[in-house]
Amino acid sequence: MVSGIESNPNQDQTDVSDEVSEKIQLAQHTRLSAVSFLDRTDVFNELVHEQHWLLHRLEKLTLTGNLFVFENVLNQSGKIAIKLGPIPSMRGVQSQWDIKVTPNANNGFTASLNDDKAYPWQVISYENGQLGRTRALHQAQKQIMASCEINFLSNTWGDRSQDSRMNEAFILEEIQAAQKLGVEVVQLDDGWQAGRTSNSVEAKQAGGIWDGFQNSENPFWVPDPQRFPNGLEPILEAANKASIAIGLWYAPDSADHFANWQADVNTVMQLHQRYGVRHFKFDSINTLTREAEINLNHFFDALLKLSEGKIIVDLDITARTRPGYFGRIDCGPLFVCNRYTDWQTYWPHQALRMQWQLTHWIEPSRIRMMLLNHSRNVEKYTDDPLAPAAISPAMMFAPLMFCQPLGWFEITNLPECYFQQIKPLVELWKQHRETMHAGTILPVGTEPDGVAWSGFISLADDGKSGYLLACSGMQTSINLTRDLPDWLQISNVKQLAGMGRMECNNGLTQLTHIPNQSFWFGTFTCDG
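Remember, the working numbering sits 286 above the position in the sequence shown when you count from 1.
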């Protein structure tokens, strides 16, 4: 309550009654950025929200969240505090605050981090502003990750056939088409298994379930004997000949706070050991209590230990209550969202927007982002200049070179233009991806809206070279000298793919003659 009675703001106000795990001393002129995230992406599309304060002695702050950046505006050095747990609304242990910022008696501020005993903090120091902050944040996540493997993965669920086409003949055809497209992992989604889930086309007649899998009367997680009468062996043999890996969809049993976690460990390890499956998409997870979180962590820990880190998990964050962005960084990529042309929820620029926003804070190899078959449901996007059909397959794939690409479609149902445009780009990407992802990947340009230009850079650790992707939106020329960060001075470029003409003259770098909804991709060197 503001009483109007004046008081001295220089009195020390750092006393915090709750338990504090750490206190961070801040300079007088500090900018605080609080970054909040949303999962449950089936109902949310704007996933990253930022708030900024230039700290002032009159204002005490009490905030919740997972990621806080404190930067000294005078020298651009700072600290990042990360709470390694689910986003606040998804936590089994709730707390009224995560950080409190109070002024010191003489100079500066103190940030107090709440110690709730359930979710640890990681505090990272950095220098050199945006570049140093992004590099430090991405590197910190890489150090936690069990695997930094990058791959092009396909999953047929995006064409909305659900499990109706899941059978041996269809998957064998998908494998051959995957080889033609350049896909490295063919992921069998819900429907390969004998049990039926609530998302099956046979859910009503088969009594599909979404929890309690381990209590099913019949073995749930074995290959469906009607759909795969010869087991998975013919699938694996064909995939091996095509130099393709097979991935499987799996749902750990959330019932009774994941009481059956050990049975799930045994099942997944059997699939891993018998079939050599390393790539799993984990779905249906629902951690409603702290007990559930603890048991799910037992499940993840056991899999990583028993497989010696070979199992890689695409952790679905589309629904229910799940570990999210910071709960289990070690497991593998985040399966960010489900989008479908059938329901008019997919636009390529919206997918680019999510990837662009997340890349500021999430290590890009943790982001699994999609492209769809733009020839489906064209009639649902009538007279829309940003409709999927208005965007070329190459343009849809190009941004995904800077994260983990997901072909969210039946490859056998793709028009020929996908093979003509994407396969050469995939082969080019495979030649460069190790170097690209070894650098620091930053979003550049304008926040994607389908109209303004946007893109990504990957800058080598020595700061002397890198990669640039410029997506034109509805622009036909881009002044990179004006629009790129001040600390990035490009001197020489080499085009690897895409359209447009890059010119570097008299200190001006400009991309011209680039058509609408196209891209330029290439390498650069820097002045100095």
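Ideal Cβ positions, reconstructed from N, Cα and C, are used throughout, including at glycine.
Since the structure is predicted, the reported quantities are computational estimates derived from the model, not experimental observations.
Mind checking L344: buried by the 16 CB within 10 Å criterion, or exposed?
Stepping through the sequence shown from its first residue, residue 344 is reached at position 58. The residue in question, L344, is exposed, as its Cβ has fewer than 16 Cβ neighbours within 10 Å.
Once DSSP output is grouped into helix, strand and coil, what is the label at Q362?
As a position in the sequence shown, residue 362 is number 76, starting the count at 1. It is coil, neither helix nor strand.
Under DSSP, the alpha helix (DSSP H) around P634 begins and ends at which residues?
Locating residue 634 in the sequence shown gives position 348, where the first residue counts as 1. Segment P634 to T645, the alpha helix (DSSP H) holding P634.
Would you mind working out which of K709, W443 and G468 sits nearest W478, comparing C-alpha positions?
Mapped onto the sequence shown, residue 478 falls at position 192. If we check each option's Cα against that of W478, W443 comes out closest.
Report yes if the CB atom of N504 is closer than 8 Å to the CB atom of A480, and no otherwise.
Taking the sequence shown and counting its residues from 1, one reaches residue 504 at position 218. Taking the sequence shown and counting its residues from 1, one reaches residue 480 at position 194. Contact flag set, yes.
What span of residues does the alpha helix (DSSP H) with M555 cover, start to end?
Start at 1 with the first residue of the sequence shown, and residue 555 comes out as number 269. W547 to Y561 is the span of the alpha helix (DSSP H), which, as asked, contains M555.
Expressed to the nearest angstrom, what Euclidean distance is found between the alpha-carbon atoms of D449 and W739?
Here residue 449 refers to the residue found at position 163 when the sequence shown is read from its first residue. Here residue 739 refers to the residue found at position 453 when the sequence shown is read from its first residue. If I take the Cα positions, the gap works out to 38 Å.
Check whether the segment 670-687 and the segment 765-772 are in contact - that is, three or more C-beta pairs closer than 8 Å.
Counting Cβ pairs under 8 Å, fewer than three are found: no touch.
Excluding sequence positions up to five away, which residues of its chain have a Cβ less than 7 Å from the Cβ of N699?
Taking the first residue of the sequence shown as position 1, residue 699 is located at position 413. Answer for N699: D445 and N659, listed in chain order.
Per DSSP, what are the beta-bridge partners of K346 in this structure?
For the purposes of this step, residue 346 is identified with residue 60 of the sequence shown, where counting begins at 1. For K346, which the question treats as bridged, DSSP gives no partner whatsoever.
Among E336, G786 and G741, which residue has its Cα nearest to the Cα of T350?
In the sequence shown, counting from the first residue as 1, residue 350 sits at position 64. Cα-wise, what sits closest to T350 is E336.
Report the rounded CA-to-CA distance for M640 versus F586, giving the unit in angstroms.
As a working note, residue 640 is residue 354 in the sequence shown. As a working note, residue 586 is residue 300 in the sequence shown. Approximately 27 Å, taken between the alpha carbons.
Taking C-beta to C-beta, are Y704 and P685 nearer than 8 Å?
To locate residue 704, count along the sequence shown from 1; it is residue 418. To locate residue 685, count along the sequence shown from 1; it is residue 399. For Y704 and P685, no; Cβs fall outside 8 Å.
Which runs of the beta strand (DSSP E) at least 3 residues long sit entirely within the segment 514-550? Give them in chain order.
Qualifying beta strand (DSSP E) stretches, in chain order: 531-536.
With 16 other CB atoms within 10 Å as the buried threshold, where does D748 fall?
Sequence index remark: in the sequence shown, residue 748 carries index 462 (1-based). It is exposed - the Cβ of D748 has fewer than 16 other Cβ atoms within 10 Å.
Going by DSSP in three states, H799 sits in which element: helix, strand or coil?
Against the sequence shown, residue 799 aligns to sequence position 513. Coil, per DSSP.
Indicate, with yes or no, if the ligand HEM has a heavy atom lying under 7 Å from the CB of T575.
In the structure shown, the ligand HEM is absent, as is every other ligand, since no ligand is present at all.
Secondary structure at S751, three-state DSSP: helix, strand or coil?
Locating residue 751 in the sequence shown gives position 465, counting from the first residue. The answer is strand: DSSP assigns S751 an E or B state.
If you count every other CB in all the chains shown that lies within 10 Å of the CB of L312, and 16 or more means buried, which is it?
Locating residue 312 in the sequence shown gives position 26, where the first residue counts as 1. Buried.
Can you tell me the Cβ-Cβ gap for P771 and G610, rounded? I've got them flagged as a contact below 8 Å.
As a position in the sequence shown, residue 771 is number 485, starting the count at 1. As a position in the sequence shown, residue 610 is number 324, starting the count at 1. The Cβ separation is near 29 Å, so there is no contact.
Let me know if G493 comes out buried or exposed under the rule of 16 or more other beta-carbons within 10 Å of its beta-carbon.
In the sequence shown, the residue the question calls residue 493 occupies position 207. By the neighbour-count rule (16 or more Cβ atoms within 10 Å), G493 is not buried but exposed.
Buried or exposed for S529, going by 16 or more other Cβ atoms inside 10 Å?
For this step, residue 529 is matched to residue 243 along the sequence shown. S529 comes out exposed.
How should S486 be labelled, buried or exposed, when 16 other C-beta atoms within 10 angstroms of its C-beta is the threshold for buried?
Translated into the one-based positions of the sequence shown, residue 486 becomes position 200. So S486 counts as buried.
With burial defined as no fewer than 16 other Cβ atoms inside 10 Å of the residue's Cβ, what is the status of E696: buried or exposed?
Against the sequence shown, residue 696 aligns to sequence position 410. By the neighbour-count rule (16 or more Cβ atoms within 10 Å), E696 is buried.
Kindly indicate the opening and closing residues of the alpha helix (DSSP H) around Y704.
Translated into positions along the sequence shown, residue 704 becomes position 418. Its alpha helix (DSSP H) spans residues E702 to A724.
Determine the extent of the beta strand (DSSP E) in which I598 is found, giving its start and end residues.
For this step, residue 598 is matched to residue 312 along the sequence shown. I598 to D602 is the extent of the beta strand (DSSP E) around I598.
Please report the Cβ distance between Q408 and L370, rounded to the nearest whole angstrom; I am assuming they are in contact, meaning their Cβ atoms lie under 8 Å.
Sequence index remark: in the sequence shown, residue 408 carries index 122 (1-based). Sequence index remark: in the sequence shown, residue 370 carries index 84 (1-based). Rounded, the Cβ-Cβ distance is 6 Å, consistent with contact.
So, do the segment 565-584 and the segment 325-336 have three or more beta carbon pairs nearer to each other than 8 Å?
The answer is no - the segment 325-336 does not touch the segment 565-584, with fewer than three Cβ pairs under 8 Å.
Within 10 angstroms of its Cβ, does T525 collect 16 or more other Cβ (buried), or is it exposed?
Here residue 525 is taken as the residue at index 239 of the sequence shown, counted from 1. It is Ala, not Thr, that sits at residue 525 in the sequence shown. Buried, because 16 or more other Cβ atoms sit within 10 Å of the Cβ of A525.
Could you pull the start and end residues of the alpha helix (DSSP H) that L417 belongs to?
Residue 417 sits at position 131 when you count from the first residue of the sequence shown. Its alpha helix (DSSP H) spans residues G415 to I430.
How far does the beta strand (DSSP E) with Y412 in it extend, from its first residue to its last?
If you number the sequence shown from 1, residue 412 lands on position 126. Per DSSP, Y412 belongs to the beta strand (DSSP E) from W407 to Y412.
Once DSSP output is grouped into helix, strand and coil, what is the label at K386?
Start at 1 with the first residue of the sequence shown, and residue 386 comes out as number 100. Strand.
Reducing DSSP to helix, strand and coil, say where A588 ends up.
Walking along the sequence shown from the start, residue 588 turns up at place 302. Helix.
Quick one, are the C-beta atoms of T420 and F356 less than 8 Å apart?
For the purposes of this step, residue 420 is identified with residue 134 of the sequence shown, where counting begins at 1. For the purposes of this step, residue 356 is identified with residue 70 of the sequence shown, where counting begins at 1. For T420 and F356, no; Cβs fall outside 8 Å.
From S307 to I385, what does the alpha carbon distance come to, in whole angstroms?
Locating residue 307 in the sequence shown gives position 21, counting from the first residue. Locating residue 385 in the sequence shown gives position 99, counting from the first residue. Each residue's alpha carbon lies about 10 Å from the other.
Using only CA atoms, which one of Q362, M376, T396 and I368 lies nearest to L347?
For the purposes of this step, residue 347 is taken as residue 61 along the sequence shown, with counting starting at 1. Ranking Q362, M376, T396 and I368 by Cα distance to L347 puts T396 first.
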